[in-house]
Amino acid sequence: MATFNAPLGDNEITMKTGKGNYNEHALLQARAIEPALALLPDLSSHASISIVDYGCSQGSNSLIPLKALLSTLPANSTVSLTLNDQPFNDWNTVSRTLHSREDEITRGGDLKLILNISPNSFYNQVIQDASVDIALSWSALSYLQHYLPTPPFSSLPEMVTRRKQRNTAQAHIDLINLLRLRALEIKKGGYFIATLGGMKEGDGGENIASAPTTYAMMKALQDLVAAGTMTTTQLLGMDPPIHERTVTELRGSLDSVSDLWTIQHISTQTIIHPAWDSLQASQKSEQDYKEYAESIVDWVFSAFEWYIIKGLRVAEEEKGPRKPVTDEERMVLDDLIERCKKYVREEFKDLPCQVEYLYFKLVRN
């Protein structure tokens, strides 16, 4: 059990840029925000407001709730908006995204916007004490603070079980720490509203997942190991420091900080990738299935490509995002992506790409 708290390094995250970037492909995450819009408070009595978005990625999805939130502000109000993400986030794209749509955010100049950037892990304090009215986070809180060592195992099923135990324990610790940090930053009476990818609970309390991309990825990775394109050590190095909580796990963590936060809302909802809806409305031709496979596989790799690269670099001294992707790494990635799409088309095309999302709204005591 001690190995659960022996990190190998910080969880440095960088989303895919250029062709196939995160802004373009994060359609499921955008859809997952829609049920949370009802949780946003009315701001009609405010003349100024301070908002922080924790884990903004490339910024496009952050604008969905932001526009809804600011729609209730009186004219001539001042908005202090801080966008937070890792130092290696694609901040150039964030800047372009926000400035190209500033007119939408400010309602055509009706609001005064003060934009701040915070390149820092949200597992640190990122803004001064008691300065935030509303904290938001969309699909980011599943990321753990650290890379964790692979627990010992003698079989693949045992590895899956031990990984789940390891990540469940660490996710509980991480969320408590994160909520204590946010309690420093958020004013009394302020809100923390978030969505995060989760897991359903079966009758036996086990996590249940249903995603064609998961199955396709497993088969494609096994192909590359069998072909000698990557080693088992590299495969294990691709284990992303991410944990999808059950609602029971989430509530357990929130209850641990009841001295700081009051739970106003917890819910779950199954969110289906829009490409599945498009497929169901189509003639289900070979081309339709191809487009479905491309959409959902590109969605996965727009968020997780970096972890594949890091795994390929497991034996190298410089593993981080400072080092550009090499031609050899790109060839392996392209091979893996095409194999995933092929498996979705051939074996998993009739499975919906879906994620169980968790929603919460907290009030600072």
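Following our numbering, the numbering of the sequence shown begins with 6 at its first residue and continues without gaps.
Even for Gly, the Cβ is constructed at its ideal location relative to N, Cα and C.
Beta-carbon contacts of valine 302 that lie in its chain and below 8 Å, excluding the five residues immediately before and after: Thr218, Ala221, Ile342, Cys345, Lys346 and Val349
Cα-Cα separation between leucine 259 and leucine 180, rounded to whole angstroms: 8 Å
Any beta strand (DSSP E) of 3 or more consecutive residues that is wholly inside the region 78 to 115: 83 to 90
Limits of the beta strand (DSSP E) - the one that lysine 373 falls within: There is simply no residue 373 to check, as the chain begins at 6 and stops at 370 in what is shown.
Which of helix, strand or coil DSSP assigns to serine 123: strand
Classification of threonine 87 by the beta-carbon crowding that lies within 10 angstroms, buried from 16 upward: buried
Range of the contiguous alpha helix (DSSP H) that encloses tyrosine 59: Here tyrosine 59 belongs to no alpha helix (DSSP H); instead the beta strand (DSSP E) covers 53 to 59.
Coil, strand or helix - glutamine 274 by DSSP: strand
Which of helix, strand or coil DSSP assigns to lysine 295: helix
Beta bridge counterpart(s) of leucine 141 as assigned by DSSP: Asp58 and Ile198
Under the three-state DSSP convention, the category valine 349 falls into: helix
Same chain, Cβ closer than 8 Å to leucine 149, neighbours up to 5 away in sequence not counted: Asn16, Asn172, Gln175, Ala176, Asp179, Pro246, Ile247 and His248
Identity of the residues DSSP links to glutamine 359 by a beta bridge: Ile277
Stretch pair the region 222 to 238 + the region 266 to 277: three plus CB contacts closer than 8 Å: no
9 Å Cβ cutoff met for glutamine 133 and glutamate 190: yes
Between the CA atoms of lysine 72 and glycine 114 - distance to the nearest angstrom: 13 Å
Alpha-carbon to alpha-carbon, leucine 183 and glutamate 299: 35 Å
Rounded straight-line distance, which links the Cα of methionine 243 to that of isoleucine 314: 8 Å
Backbone secondary structure at phenylalanine 158 - three-state DSSP: coil
Buried or exposed (CB count within 10 angstroms, at least 16 for buried), lysine 366: buried
Euclidean distance between Cα positions of threonine 238 and leucine 317: 9 Å
Tyrosine 155 versus tryptophan 143 - alpha carbon distance: A small correction: the amino acid at residue 155 is threonine; tyrosine does not occupy that position in the sequence shown. Taking the straight line from one Cα to the other gives about 28 Å.
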